[in-house]
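Residue numbers for the sequence shown follow my numbering, beginning at 135 and rising by one.
Backbone N, C-alpha and C fix where the C-beta goes; we use that ideal spot for every residue, glycine too.
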Amino acid sequence: QQLAQLQKEKSEILKNLALYYFTFVDVMEFKDHVCELLNTIDVCQVFFDITVNFDLTKNYLDLIITYTTIMIMLSRIEERKAIIGLYNYSHEMTHGASDREYPRLGQMIVDYENPLKKMMEEFVPHSKSLSDALISLQMVYPRRNLSAEQWRNAQLLSLISAPSTMLNPAQSDTMPCEYLSLDAMEKWIIFGFILCHGILNTDATALNLWKLALQSSSCLSLYRDEVFHIHKAAEDLFVNIRGYNKRINDIRECKEAAISHAGATHRERRKFLRSALKELATVLSDQPGLLGPKALFVFMALSFARDEIIWLLRHADNIPKKVADDFMDK
135 QQLAQLQKEK
145 SEILKNLALY
155 YFTFVDVMEF
165 KDHVCELLNT
175 IDVCQVFFDI
185 TVNFDLTKNY
195 LDLIITYTTI
205 MIMLSRIEER
215 KAIIGLYNYS
225 HEMTHGASDR
235 EYPRLGQMIV
245 DYENPLKKMM
255 EEFVPHSKSL
265 SDALISLQMV
275 YPRRNLSAEQ
285 WRNAQLLSLI
295 SAPSTMLNPA
305 QSDTMPCEYL
315 SLDAMEKWII
325 FGFILCHGIL
335 NTDATALNLW
345 KLALQSSSCL
355 SLYRDEVFHI
365 HKAAEDLFVN
375 IRGYNKRIND
385 IRECKEAAIS
395 HAGATHRERR
405 KFLRSALKEL
415 ATVLSDQPGL
425 LGPKALFVFM
435 ALSFARDEII
445 WLLRHADNIP
455 KKVADDFMDK
């Protein structure tokens, strides 16, 4: 009797749920392709170092973050089981057989109930490639994640601090890394070291990167207003792993540091960047010829400003604020 109503409305159900159902199928196919590509990368022993082969390493890490984000977002759709179940039942009633993708799709939905836990198992064979790519950030990420005081002392972004070198081209051995998004690097480090967590116990560089990222943010943006609360998620994942008490204590200490100090640190950075950008705009509008040799400064300034705006937007509504003034610029 309960299914009789579905029998009557099967064509409507098929029509209305097809978009959702086949989006899930697309996710499954994307997952298959990613897994195949990651296996190929491991077999070919591809070398990853952000300071040497920037594009390859960045695209590799971006792929892993996109994959992780999609699987987390999938697990947050509460009606996912009902959608595929209803669609398949209506398909059976209409065509006399299940949809051919249904068994694999159903299995994927069940397997990725807790996506990060499943992916931690899945990434065991990929941990060498992933950890190499992440550890190559050891010079780049800490250099980008400095306090406003350190920026001020280094006279960062200032064209007039050294008049004698004003016409010299601004250059660096790792040019693309100078304006690489801090937000992207934090996602790489947080999700990356969750997936290959074993390296945190054996490599001090990995552990330092992990702790620095944990102290800098409390949440990461997944998509629009969907956020990932870093410390709680990491602690929940590590609490069931034997011998991880030290890592759990690290997470708790970093959480306290993030709640207590990250807001003030970022407020001071925004303050510094406002004056630095004003100075840069004034000098370049007066002497536009400097745009040639100092173009790198412009890209760096815009990148730093973007990172601070993104950080403020995602944290303003998503963390307990010990000092509300840290989130308001006067």
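For residue i, I'd like the list of residues in its chain whose CB is within less than 7 Å of its CB, leaving aside the five on either flank, ordered along the chain.
| i | result |
| --- | --- |
| A288 | none |
| D266 | F182 |
Do residue i and residue j have their CB atoms nearer than 8 Å?
| i | j | result |
| --- | --- | --- |
| S209 | P249 | yes |
| T202 | F325 | yes |
| E320 | S355 | no |
| G397 | F438 | no |
| I204 | M254 | no |
| Q197 | V168 | Strictly speaking, residue 197 in this sequence is Leu, with Gln absent from that position. Yes, the Cβ-Cβ distance between L197 and V168 is below 8 Å. |
| V417 | L293 | yes |
| R381 | L334 | yes |
| L268 | W322 | yes |
| L290 | A410 | yes |
| L301 | P427 | yes |
Taking buried to mean at least 16 other C-beta atoms within 10 Å of its own C-beta, is residue i buried or exposed?
| i | result |
| --- | --- |
| Y155 | buried |
| I401 | What sits at residue 401 in the sequence shown is Arg, not Ile. Label assigned to R401: buried. |
| Y357 | exposed |
| T299 | exposed |
| S295 | exposed |
| H331 | buried |
| H225 | buried |
| M273 | exposed |
Which residues in the same chain have their Cβ closer than 8 Å to the Cβ of residue i, if we skip the five residues on either side of it in sequence?
| i | result |
| --- | --- |
| C388 | K345, L348, Q349 and H365 |
| V159 | E235 and L239 |
| L446 | H400, R404 and F461 |
Closest by CA to residue i, which one among the options?
| i | options | result |
| --- | --- | --- |
| D176 | L220, F257, I218 and S437 | F257 |
| V370 | D317, I385, R278 and A429 | The sequence as given places Asp at residue 370; Val does not occur at that position. Answer by Cα proximity: I385. |
| K405 | D463, S306, W322 and A216 | D463 |
| I218 | L343, L153 and I206 | L153 |
| M162 | P237, A138 and F372 | P237 |
| A216 | N193, V432 and I147 | I147 |
So, for residue i: in the same chain, excluding its five sequence neighbours on each side, which residues have a beta-carbon less than 6 Å away from its beta-carbon?
| i | result |
| --- | --- |
| T468 | As displayed, the chain neither begins before 135 nor continues past 464, which places residue 468 out of reach and without an answer. |
| L316 | R278 and D441 |
Output the residue ranges of the alpha helix (DSSP H) runs that lie fully inside the region 386-429 and measure 4 residues or longer, sorted by chain position.
-> 397-420
Would you mind listing the beta strand (DSSP E) stretches within the region 293-379 that are 3+ residues and don't spill past its ends, in chain order?
-> 353-357 and 360-363
Where in the region 158-230 do unbroken runs of the beta strand (DSSP E), each at least 3 residues long, occur, reported from the N-terminal end onward?
-> none
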